[in-house]
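Working notes, structure below.
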């Protein structure tokens, strides 16, 4: 190695002494900072010399570890000749890609064969010239008949030529080899659908949105972010109704205008933030446009394959892509376009008197269409088995001399033949005769698998709210809202139904705030797995009510002092337990 370094030093000194330099082909243009390099070195490492040279020209320099040698001498040369003199003396190769000066040894030179399937070699030559990648020191050999190009040179040079050739070939293939195919759907929806649920707009993704989420995840993510602000479920529950006419009697449909802020008060004290944008919840309610998105989240252009769109008229998926990738979409769409199962959901909303519930003593724990296992706190006990599946626990007398079947006490367990839901409803019907129970509603709905069923029984009124330049109407709803999301699970020959249940029960109270009634809301969110034929019973809410009434003889009951003898005051208090009985059933395979 010392001999090689000495040889390099001697060769460099000889070149300087005789003024001889190797003939150099013109390379890519380099913007040199100075026209002449004045440099003096005595036994200095070649790496340090090259770093000093790059720093003096303000060019980042990357030097391979194998470049070695020592430099001695005085230099007064143009930058290009100075670099070529060192390269010929120490056997390294340099290449400038427009940003970084790469210096590697001759042993690191590479050679690769680039194959063009769609583009021609002339287009590659023109592209390299336009991008100023071509270098006459490393000529490229083209074979237009075979569509190939032989590239030799430093690793960075070979990499850049290969990348340009690959991109050029892909673009040519996309322009000349794309196909358009239409995939009709028979069960699923191609486009997104927006459905109102509890006064809010919820977007259900179609097949096109699913495919774009797979092949264009960044674009789909950006669309989801914008959808959360526009059509997504609002977190605050605030929504806008038809605006009230302005002072001139005209309908106001303009944008949201914030109230004026005193001059000089912006950003200080209690006025801080008032001159900014409204909160996201208010902006969504009044119809403000969403904030501008970052440029990086812009939708993909049509040139970025595959292009997937929905044809709402025919409920079809239209895809444009290259021929070699078109076959994969058919199988995927076939898996997504499956026939959904139909599920019937029958709901009973029951109110039963607390005393009657304890008297019946039912605690439903496990039941299906063939056997019903129950425990209870009834009034009669039966500790022996009579040899039949229909156990007889005797009868008990309800208010009004109504006879009903009794249930076992505390820890007893019995088996009852028949459907558990119908068995419970039969006992509730008996209690209805004495007004100890009532069925508020029995809605029944058919929905698709994995599609939410909504059963609402609500009262809605509107509250006017005056704004700065207009007035709006905001709706207030009370009542029962029952949402059930079913999912059929088939495993090991068994069919089960998973229920995602959300119950909201709102009632008006006698209290008021700013002349507006106070609403008492109760919410239940639960999930359960139910065997086919079973029913889900949800309980736990109690409603206390008190009624007062006065009855008497007309005229006489209002006479002072003695009128009390001719009237009767009645006061009645009741404690009701609200039950929700859900019975799902699969009605189509």
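Residue numbers (mature numbering (1 follows the signal peptide of the UniProt record, and there is no 0)): -27 to -1, 1 to 562.
For every residue, glycine included, the Cβ atom is placed at its ideal position computed from N, Cα and C.
Residue 551: buried (16+ other C-beta within 10 angstroms of its C-beta) or exposed? Residue 551 should be labelled buried.
Flag this pair as yes or no: are the beta carbons of residue 554 and residue 323 separated by less than 8 Å? Yes, Cβ-Cβ distance for residue 554 and residue 323 is below 8 Å.
Taking C-alpha atoms, which residue in 321, 54, 461 lies nearest to residue 577? Residue coverage of the chain in this structure runs from -27 to 562, which leaves residue 577 outside it and unanswerable.
As a quick exercise: from 480, 431, 101, pick the residue whose alpha carbon is nearest that of residue 111. Of the listed residues, the one whose Cα sits closest to residue 111 is 101.
Distance, Cα to Cα, residue 468 vs residue 492? Going from the Cα of residue 468 to the Cα of residue 492 covers about 41 Å.
Which of the three DSSP states, helix, strand or coil, is assigned to residue 558? Residue 558 sits in a strand when the DSSP states are folded into three classes.
Where does residue 432 land, buried or exposed, given buried means 16+ other C-beta within 10 angstroms? Exposed is the call here.
Under the three-state reduction of DSSP, which class applies to residue 64: helix, strand or coil? In the structure shown, residue 64 sits in coil (DSSP, three-state: anything other than H, G, I, E or B).
If you run the structure through DSSP and keep just helix, strand and coil, what is residue 244? Reliability of the predicted coordinates at residue 244 is poor, the pLDDT of 44 falling under 50, and the value obtained from them is presented with this limitation in mind. Correct three-state label for residue 244: helix.
Of all the options 549, 458, 425, which has the alpha carbon lying nearest to the alpha carbon of residue 413? Residue 549 is the option with its Cα nearest to residue 413.
Which residue or residues does DSSP assign as beta-bridge partners of residue 76? DSSP output for residue 76 lists 36, 67 as bridge partner(s).
Which value, in whole angstroms, describes the spacing of the CA atoms of residue 458 and residue 314? Take the alpha-carbon of residue 458 and the one of residue 314: they are about 13 Å apart.
So, with DSSP's three-state summary, where would you put residue 275? Low local confidence applies: a pLDDT of 42 at residue 275 is under 50, so the model's placement there is unreliable, with the coordinate-based value given in what follows. Residue 275: coil per DSSP, three-state reduction.
Suppose you measure from the CA of residue 51 to the CA of residue 3; what does that come to, to the nearest Å? Our two residues, residue 51 and residue 3, have alpha carbons roughly 12 Å apart in a direct line.
Within its chain, find whatever has a CB closer than 7 Å to the CB of residue 154; leave out the 5 residues flanking it on each side and keep chain order. For residue 154, where only same-chain residues beyond five positions count, the Cβ hits under 7 Å are 292, 299.
Within 10 Å of its beta-carbon, does residue 130 have 16 or more other beta-carbons around it, so buried, or fewer, so exposed? If you draw a 10 Å sphere on the C-beta of residue 130, you find 16 or more other C-beta atoms in it, and that means buried.
Limits of the unbroken beta strand (DSSP E) element including residue 473: Under the DSSP assignment, residue 473 falls in the beta strand (DSSP E) whose first and last residues are 467 to 486.
I need the DSSP call for residue 424, collapsed to helix, strand or coil. DSSP, read as helix, strand or coil, puts residue 424 in coil.
If you count every other CB in all the chains shown that lies within 10 Å of the CB of residue 57, and 16 or more means buried, which is it? Its Cβ being crowded by 16 or more others within 10 Å, residue 57 is buried.
Please classify residue 68: is it buried, with 16 or more other beta-carbons within 10 angstroms of its beta-carbon, or exposed? Residue 68 should be labelled buried.
Any idea if residue 185 is buried or exposed, counting beta-carbon neighbours within 10 angstroms, 16 or more meaning buried? Buried, by the Cβ-count rule.
Could you check which residue in 509, 98, 148, 17 has the C-alpha nearest to that of residue 41? Closest by alpha carbon: 17.
Just to confirm my understanding: we take residue 25, look at its own chain, exclude 5 residues before and 5 after, and list those with CB closer than 8 Å. What are they? Same-chain partners within the cutoff: 12.
Please determine if the region 501 to 508 and the region 482 to 491 are in contact, where contact requires at least 3 C-beta pairs separated by less than 8 Å. These segments do not touch.
Relative to the C-alpha of residue 488, which residue among 510, 464, 534, 437 is closest? It is 437 whose Cα lies nearest to the Cα of residue 488.
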